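In what follows, a single structure is set out as structure tokens and then discussed.
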Amino acid sequence: MPKFVVSLRLPALFNQEFMALIPSHWALIQQLIEDHVIETYAISADRTRGWITINADDEAAVQAVVEQFPLYSFLTEVEIDELFIFDSAKTRFPRLSLN
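Terminal number for the sequence shown in the working numbering: 497, no gaps in between.
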């Protein structure tokens, strides 16, 4: 299945409506990780940018996932790119220990 990276921008200031949606947003993200739809989820330390690696058949399917996010209406920019190569320590076999 193809992998896509979603780059997004969050608002500079978080209002009460935004803050109220964080628990439901995080619950959905956790469910999508458990369902192997989301591989990685990262937010920058200054909380203005995010990167999500998503497994999907095509860009339209990725867009549909992102539009489910409770915080979607607050995102100021969403960019979707299909990945050619995706490698990480998590996707490799564990090291063998001969103990």
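C-beta atoms are modelled at their ideal positions from N, C-alpha and C, and glycine is treated no differently.
Fair warning: this is a prediction, and the values are worked out from it, not measured in the lab.
For residue i, the residue or residues it bridges with in DSSP
i	result
phenylalanine 482	Beta-bridge pairing links phenylalanine 482 to no other residue.
valine 403	Thr451 and Asp479
threonine 446	BP columns for threonine 446 are empty, so no partner.
Environment of residue i [buried if 16+ CB atoms lie within 10 Å]
i	result
phenylalanine 402	buried
Proximity test, Cβ basis, 9 Å: residue i and chain D
i	result
alanine 487	Of the protein chains in this structure there is only one, and it is not chain D.
Cα-Cα separation between residue i and residue j, rounded to whole angstroms
i	j	result
tyrosine 439	glutamine 428	10 Å
histidine 423	phenylalanine 472	12 Å
alanine 418	leucine 426	14 Å
Three-state class that DSSP yields for residue i in the structure shown
i	result
alanine 440	strand
alanine 458	helix
Is the stretch 429–446 close to the stretch 402–419, with three or more CB pairs under 8 Å? Flag = yes, the stretch 429–446 and the stretch 402–419 touch.
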